[in-house]
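One structure below.
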Amino acid sequence: MKRSIPIGRYHLLDRVSSGGMADVFRAKVVDADGTERLVAMKRILEQYAEDPAFVRMLVAEYRLSLLLVHPNIARIYELLQTDEGYFISMEYVDGKDLRATMYRASDRRRPVDPTDAAYLMARAVDGLEHAHVATTHDGHALRLVHRDFSPSNILVSYDGSVKIIDFGIAKADVDRERTAQGIIKGKVRYMSPEQAQGDPRLTGQSDVFSAGSVLYELLTGTPAFTAPSEVELIYAVRRAEPVPLRELAPHVPEGLAEVVEKAMARSRRDRYQTAGEFRDGLVTFLRGYAPNYRRTRLANYMRSLWAREIDIEIRTLLEYALSEEPAAASVDLLASASLEESVLEVSRALDVGSIPGVADAPAVPSLPSGTPIAVRPDDLFAAELNAPSLPPDGHRS
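For the numbering used here, add 19 to where a residue sits in the sequence shown, where the first one is 1.
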């Protein structure tokens with residue numbers, strides 16, 4: 020029988036993935052009311068955990084990310100310091116990231132259906148729109164921009180729900196990993212032309228272009244921009260002249276191709292002005308081309324693509340028994356500083372270091388503690404159920 024590892028009030032189960040900055044574990048936690056649930060736990064790697072400036076940035080940026088409450092943005096729960104290191108607990112998404120899914124689809128020669136791709140991206144950019152228009156209770160705009168909207172930062176669950184991750188930490192990831200082999204090339208590929216130019220005043224339109232680039236690759240199986248070197252890739256992104264989508268994928272409906280092309284317009288005047296406009300374009304396409312579309316189609320695709328992994332994950336969970344050992348002491352870092360101090364820390368932290376040729380975004384304004392941000396009604400996806408409204412995304416039916 021496998022045993023879990025107690026970390027504070029959490030119990031680590033199996034390792035889900037390993038990255039350049041953190042290991043990700045599946046974990047269980049028992050809430051005060053006795054409810055047991057799964058969460059994802061990120062353990063910051065030692066070399067970063069020992070850097071006080073990096074830890075301060077994580078604290079600040081995760082406090083900011085707590086303000087983003089939306090069905091298509093993965094929730095952050097806690098940032099903890101324990102004897103075993105720094106851990107971040109976040110919403111567990113029972114699925115895979117889009118990058119892994121795209122690789123699997125290519126290996127199995129089972130491309131994503133255009134309607135599934137359109138729905139998936141409509142959900143993702145709805146999350147972007149929420150972040151872009153988020154305000155304080157007094158109407159002060161946060162002007163958040165993801166800046167690293169890429170397939171690895173989009174999670175798709177086995178039930179077809181879609182979640183954006185790493186909102187607010189993308190800049191830290193890019194800065195810290197800029198010297199790692201191949202890391203920047205992957206980041207640059209999904210940048211907007213203005214981001215690749217080093218524009219210091221990125222807006223939500225930059226994320227719109229990135230989302231269009233991801234959708235282009237999802238539909239064609241080919242990245243919008245490729246080059247033999249990082250420098251040449253940067254110039255290719257700046258030119259923003261991808262091969263016309265339907266030349267690579269003639270099966271993609273013309274209406275959907277036009278939506279993608281507008282999202283990827285080099286000129287910001289010709290591009291969708293907001294993520295909401297891009298979302299609306301995708302929803303309009305779905306309503307006209309597949310009016311009876313349902314999320315179960317994407318769910319069925321994911322479950323068939325990852326059937327073996329789903330079986331293994333279920334068996335693994337059944338083998339675990341929660342340890343009865345007393346939980347180790349932990350400190351919630353989010354309770355150690357005011358929200359206003361943390362947001363100011365984000366502004367200071369973002370002033371140090373940047374990718375060559377890519378400038379920092381404007382400083383994030385400070386917020387009063389306890390700032391609420393409302394979740395907009397999810398009524399733009401009525402096409403999915405052909406009904407006046409759609410239940411919140413992200414829950415297994």
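Yeah, the Cβ is synthetic: ideal placement off N, Cα and C, and Gly gets one too.
For Met140 versus Ser108, is the C-beta spacing smaller than 8 Å?
-> no
Is it a yes or a no for the region 161–178 touching the region 212–225, going by three-plus beta-carbon pairs under 8 Å?
-> yes
Kindly give me the distance between the Cβ atoms of Leu77 and Tyr111, rounded to whole angstroms, as I take these residues to be in contact under 8 Å.
-> About 20 Å separates the beta carbon of Leu77 from that of Tyr111, a gap too long to meet the 8 Å contact definition.
Buried versus exposed, by CB contacts within 10 Å (16 or more), Asp145 | buried
Per-residue burial, Val131 [other beta carbons within 10 Å of its own, 16 or more giving buried] = It is buried - the Cβ of Val131 has at least 16 other Cβ atoms within 10 Å.
Is the CB-CB distance between Leu264 and Leu301 below 8 Å?
-> no
Output the boundary residues of the alpha helix (DSSP H) element that contains Phe228.
-> 223–239
Just reading off the alpha helix (DSSP H) that Gln66 is part of, what are its end residues?
-> 65–68
Just to confirm, are Val207 and Ala282 a CB contact at a threshold of 8 Å?
-> no
When burial is assigned at 16 or more other CB atoms within 10 Å of the CB, is Lys21 buried or exposed?
-> exposed
Provide the residue(s) that pair with Ala46 in DSSP beta bridges, ordered along the chain.
-> Leu31, Val58
In three-state DSSP terms, what is Gly300?
-> helix
Extent of the continuous alpha helix (DSSP H) run through Leu117 = 117–126
What is the DSSP secondary structure of Arg316, counted as helix, strand or coil?
-> helix
The region 173–183 in contact with the region 115–127 per 3-pair CB rule at 8 Å | The region 173–183 is in contact with the region 115–127.
What is the rounded straight-line gap between the Cα of Arg298 and the Cα of Thr335?
-> 37 Å
From the DSSP output, in three-state form, read off Ala255 for me.
-> helix
Have a look at the DSSP bridge pairing and note the partners of Pro25.
-> His30
Would you tell me roughly how many angstroms separate the C-alpha atoms of Gly201 and Leu252, rounded to the nearest one?
-> Its pLDDT being 39, under 50, Gly201 is placed unreliably by the model, and the measurement read from it follows with that caveat. Rounded to whole angstroms, Gly201 to Leu252 spans 12 Å at the Cα level.
Short Cβ contact (8 Å threshold) for Asp135 with Leu267 = no
Under three-state DSSP, which class holds Met140?
-> helix
What residues in its chain sit with their C-beta under 8 Å from that of Gly307, if we drop five residues either side in the sequence?
-> Answer for Gly307: Gly274, listed in chain order.
Cα-Cα, which of Ala51, Asp157, Pro133, Phe168 is closest to Glu148?
-> Comparing alpha carbon positions, the residue from Ala51, Asp157, Pro133, Phe168 closest to Glu148 is Phe168.
Rounded C-alpha distance that separates Tyr235 from Val262 = 10 Å
Give the secondary structure of Ala282 by DSSP, where H, G and I count as helix, E and B as strand, and everything else as coil.
-> Reduced to three states, the DSSP call for Ala282 is helix.
Nearest to Ala41 by CA position, among Phe106, His151, Thr54, Lys47, is which residue?
-> Taking only the C-alpha atoms, the option nearest Ala41 is Phe106.
Where Glu260 and Val279 are concerned, what is the direct C-alpha to C-alpha distance, given to the nearest angstrom?
-> 13 Å
Kindly indicate which three-state DSSP category Thr417 falls into: helix, strand or coil?
-> The structure shown does not extend to residue 417, since the chain spans only 20 to 416, so no value can be given for it.
When the distance is taken between beta carbons, is His30 closer than 8 Å to Ala9?
-> No information on residue 9 is available, as it lies outside the stretch 20 to 416 that the chain covers here.
Cut-off 6 Å between Cβ atoms - residues of its own chain near Arg285, not counting five sequence neighbours on either side | Pro212, Ala259
Would you decide whether Ile333 is buried or exposed? Buried here means 16 or more other CB atoms lie within 10 Å of its CB.
-> exposed
Taking Gly240 as the reference, give the member of Arg257, His270, Asp289 with the closest Cα.
-> His270
Alpha-carbon to alpha-carbon, Gly179 and Leu305 | Whole-angstrom Cα-Cα distance: 16 Å.
Name the two residues that bound the continuous alpha helix (DSSP H) containing Thr335.
-> 326–338
Between Asn19 and the rest of its own chain, which residues show a CB-CB distance below 7 Å, the 5 nearest in sequence each way excluded?
-> Residue numbering for the chain in the displayed model covers 20 to 416; residue 19 lies beyond these limits and cannot be assessed.
Exposed or buried, which one is Gly114 when buried takes at least 16 other CB atoms within 10 Å?
-> buried
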